[in-house]
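In my numbering, the protein residues as written are 404 to 905.
Report on the structure given below.
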């Protein structure tokens, strides 16, 4: 008697329900973990909020849209990180649902569920889902852009032009990699007969006009800031090192899809003795152009992004791994065939669940056990709320004015910008990174200068004392981390620069 699990029957009968269940479950997991464990924002999220608080058209960190949305979400939640964490998970849900719609148009609803499930194993490891920023916001915009690109190319739906133009404009306002991604789309359009056919109307011109209107303020900022400069090409002597760096980035992407590889290997015929008894997920034949579309955008962004990053010695793949690997699950499903046999169902479920839950377990283990090893500080264990409240209140009590700016140690100063007063961040060591404030303005409005205290007197480091002559250090303030472990108490030295104007 053939055994078919309830999950398989749900995939066959209610594929959309399965997608919503797994996607919302993962979003709830990554909404619960940071709220439970993180006492300060992960990664560069505090910096994103500090920049978003200024509402500049452009900064040295790139286009402004992600920074603006982060600040809006933070303020809407009453200056609480819950709003930003929720926004990040909304982006994740939108990404996977849009991917499901695209996959359904290519391989049908049942196999589209498998494409989403496999893609979730990739993004769980390769792309930060909690640290909202340009990389996270770019994922749903890129997914929407691909969906409407296929509707234009494969389904000849002219009404998709307007949505496509909006998404292209927002992507350009989100990440600097958008130009390269749009060039990939243009390259596929020009390389296919169907693609060239959609360019024979006036719709592309109207779409281009919409994109220009959306991006024009940022373009003006780029011109005024002299930011439109060609990157520096590496010297011939550096090429070998750059090639190795590119190989390392590409290897990282291959490692990120190891979950798909493991699932495919476990589902192969090598482990099945009775293949005729396995449940089958069926799809109609795939359009050859759709097959080319999926393969192109599964390989192109990964190879091009890693190559550019390797050539110019960038830390991560251009556009982020979440964008580069977005189509990897769908490409695997397309390559499998019209009939997908699901063998060893219990093992597949267990491996998939482990791949989804493992990053959350790793975050919990890092937070609770790493401090006991003494190997390093867990950044998310710093009590950001207590730190910000103390210095905000201390400045008001000493000067009878609200705190307007904070400087000194970049990590600590950025955390203080999350206080209720939302003071400006001033990076005195690299003032060009915070163009909304300079040293003269900081001394005029006053503020707090902070650093990590190395003694009980709170003596400021030499570089801070040089940039802020005449500082009178206060008694260092100690703070307990979420888990102190074997690490000493966090001691923050600080001094007040009194405002010169009432």
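Each residue gets a CB set at the ideal place from its N, CA and C atoms; glycine is no exception.
* Asked: To which residues of the same chain is residue 457 closer than 6 Å at the C-beta, ignoring the five residues directly before and after it?
  -> 839
Give me, in chain order, the residues of the same chain whose beta-carbon lies closer than 7 Å to that of residue 816; leave out the 5 immediate sequence neighbours on both sides. 809, 810, 828 and 853
According to DSSP, residues forming a beta bridge with residue 895:
855 and 880
Notebook entry, point to check: By a C-beta neighbour count over all protein chains shown, 10 Å radius and 16 as the cutoff for buried, is residue 554 buried or exposed?
Noted result: buried
Use the C-beta contact count for residue 724: other C-beta atoms within 10 angstroms, 16 or more gives buried, fewer gives exposed. buried
Checklist line | Simplified DSSP state of residue 465, which is helix, strand or coil | finding: strand
Counted within 10 angstroms of its Cβ, other Cβ atoms place residue 513 as buried (16 or more) or exposed: buried
Give the straight-line distance between the Cα atoms of residue 600 and residue 558, rounded to the nearest whole angstrom. 12 Å
### Nearest-angstrom Cα separation, counted from residue 636 out to residue 771
44 Å
For residue 811, which beta-bridge partners are listed by DSSP?
-> 853
Please classify residue 435: does DSSP put it in a helix, a strand, or coil? helix
Boundaries of the alpha helix (DSSP H) in which residue 569 is found, first to last residue | 563 to 575
Worksheet item: Helix or strand or just coil, what does DSSP make of residue 660?
Response: coil
Mind checking which residues open and close the alpha helix (DSSP H) that includes residue 828?
Unbroken run through residue 828 is the beta strand (DSSP E), 827 to 829; no alpha helix (DSSP H).
State the start and end residues of the unbroken alpha helix (DSSP H) segment that holds residue 715. Counting along the chain, residue 715 falls outside any alpha helix (DSSP H), and DSSP gives it neither H nor E.
(message) If you reduce the DSSP assignment to three classes, tell me which class residue 421 lands in.
(response) helix
Subject >> Where residue 483 falls: helix, strand or coil (DSSP) >> reply: coil
Report task. Would you mind working out which of 775, 888 and 897 sits nearest residue 874, comparing C-alpha positions? Result -> 897
- Query: At which residues does the beta strand (DSSP E) containing residue 683 begin and terminate?
  - Reply: 683 to 685
Roughly how many angstroms lie between the CA atoms of residue 576 and residue 541, to the nearest whole one? 10 Å
Practice item. Output the boundary residues of the beta strand (DSSP E) element that contains residue 743. Key: 742 to 744
**Item:** Three-state secondary structure assigned by DSSP to residue 900
**Value:** strand
- Only counting runs of 4 or more residues, tell me where the alpha helix (DSSP H) segments fall wholly within the stretch 512 to 561, in order along the chain. 512 to 529 and 537 to 556
Q | Cβ-based burial, residue 756 [other Cβ within 10 Å; buried from 16] | A | exposed
Worksheet entry | Selected residue, minimal CA-CA separation from residue 375, among 597, 642, 710 and 465 | Nothing can be reported for residue 375, as the shown portion of the chain is limited to 404 through 905.
Residue 795 beta carbon less than 8 Å from that of residue 823: yes
| field | residue 688 - DSSP class collapsed to helix/strand/coil | value | coil
- Item | Touching by the beta-carbon criterion (3+ pairs, under 8 Å), the stretch 445 to 455 and the stretch 504 to 522 | no
**OP:** Return the residue from the list 408, 426, 837 and 644 that minimises the CA-CA distance to residue 714.
**Re:** 644
Would DSSP call residue 836 helix, strand or coil? helix
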